[in-house]
Amino acid sequence: AGAISAGRDIRIPNAFIINGVQNEKQGPVLKDVFATHDNAVPLSQIMDTDYLIQVIQTYGVNAELEPFEEAVARLAANPEPCNLMSALKSADSKVAQKLLNSLRPSPSITNLVKTSIGNLLERVDSTSH
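Residue 30 is where the sequence shown starts when you use this note's numbering, and the numbers rise one by one after that.
Here it is in structure tokens:
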């Protein structure tokens, strides 16, 4: 949201940490966890990144996904913590809210959920007769 307000282009790392357990300490606090091949999958498998990019572009800024392999390699070479809560607090609240509301599951996750619910409904329906 801050980059949008500043009119800067946005490159979204196509990485989503699925196992972000923090168990190492760095001084008195837990050490940040960064995306690796072992703990992350492409964000585009989880979220509808095409839609998110479309929403970002409505603000007149360019947005693109940083490929998964590039994001993981970049974070391995130069781990940069991202304080999401701090960034949201300092951003334009209307822009931040619109971006958060634009997050939705990817088509594959949506289909998985629909299929799972459909299978459960069939089982419930067949056991009620």
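Every residue, glycine too, gets a C-beta built ideally from N, C-alpha and C. Nothing here was measured: the structure is a model prediction, and the numbers come from that model.
Nearest-angstrom Cβ-Cβ length linking Ile-138 and Ile-75, presumed shorter than 8 angstroms: 6 angstroms
Cβ atoms of Asp-61 and Pro-108: under 8 angstroms apart, would you say? yes
Using only the alpha-carbon positions, how far apart do Val-58 and Asn-43 sit? 27 angstroms
Please report the residue range of the alpha helix (DSSP H) in which Glu-99 lies. 97-106
What does Ile-41 pair with, by DSSP beta-bridge criteria? Leu-94
Per DSSP, what are the beta-bridge partners of Ile-46 in this structure? Ala-69
Quickly, what does DSSP pair Gln-55 with across the bridge? List them, please. Val-58
6 angstroms Cβ shell around Gln-51 - same chain, five flanking residues per side excluded: Leu-59, Val-62
Strictly by DSSP, which residues pair up with Pro-134? Met-76
DSSP three-state call for Asn-140: helix, strand or coil? helix
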